[in-house]
Structure formats: C-alpha cells, structure tokens
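Reviewing the structure listed below.
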Ligand SMILES: [Ca+2]
C-alpha cells in the first residue's frame, strides 16, 4: 500500500499504510530488544574451571580462538577478542567450523 492515489481508496490505503508502518516499527523495536538483551550478549566473557569462554556462542579460548594467554588449538585461526565485538560475521564463520567439526566427530 501507498503509492498511486485513486479517487476512491486513497484515504483508506494511507491509513492502512500508517497502521502497517506502526506495526512494523513496533516489531523491529521488539526484535532489537530481544537481540540486545542478555540472551544476545556479544561481549560475553567468562572464565570457568580454567577455560575462558568468549562471545555470543561461548567459544572456548583453549580450542577455537587465541587469546595470547593460553595454549590453544585455535581452530578458527582468530583472535578471541574478535568474538567480543558487535560484528558477528566472524563469530558465525567460526560457529560453522564448530558445527562442521562436531558433525565430523559424530560420524566416527
Ligand atoms: Ca566478531
């Protein structure tokens, strides 16, 4: 809706368009709240039983990335700090490697 004005439906289409926009904005705001709530914590860091965990997907700093302080397999060949920024594209790339490697282990 919204676009060509006709002598009959113009007002209605405009109103519908407004309602639709309001709905869309509410939806997007809600989505943002969900994404940036604690369940979507890109700056997540924890240190449990000698294992540092990084970022949204809780990658282990002993296995998937290198934090410069621990011996690591660094399977994703990446600096652990890269998992703590707002850009999750590299996080997702590593998550793909993790899922591939887990699938590989399951196929044994
Ligand atoms: Ca990142």
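Residue numbers (the numbering used here): 1056 to 1163. We treat Cβ as the ideally placed atom computed from N, Cα and C, and that holds for glycine.
What would DSSP say about residue i, mapped onto helix, strand or coil?
i, result
"residue 1097", "coil"
"residue 1138", "helix"
"residue 1143", "coil"
"residue 1132", "coil"
"residue 1067", "helix"
"residue 1149", "helix"
Would you give the residue range spanned by the beta strand (DSSP E) that residue i belongs to?
i, result
"residue 1126", "Careful: residue 1126 lies outside any beta strand (DSSP E) and carries neither H nor E."
Using DSSP bridges, identify the partner residues of residue i.
i, result
"residue 1106", "1103"
"residue 1114", "1109"
Can residue i be considered in contact with ligand 1, in the sense that its beta carbon sits closer than 6 Å to one or more heavy atoms?
i, result
"residue 1136", "no"
"residue 1096", "no"
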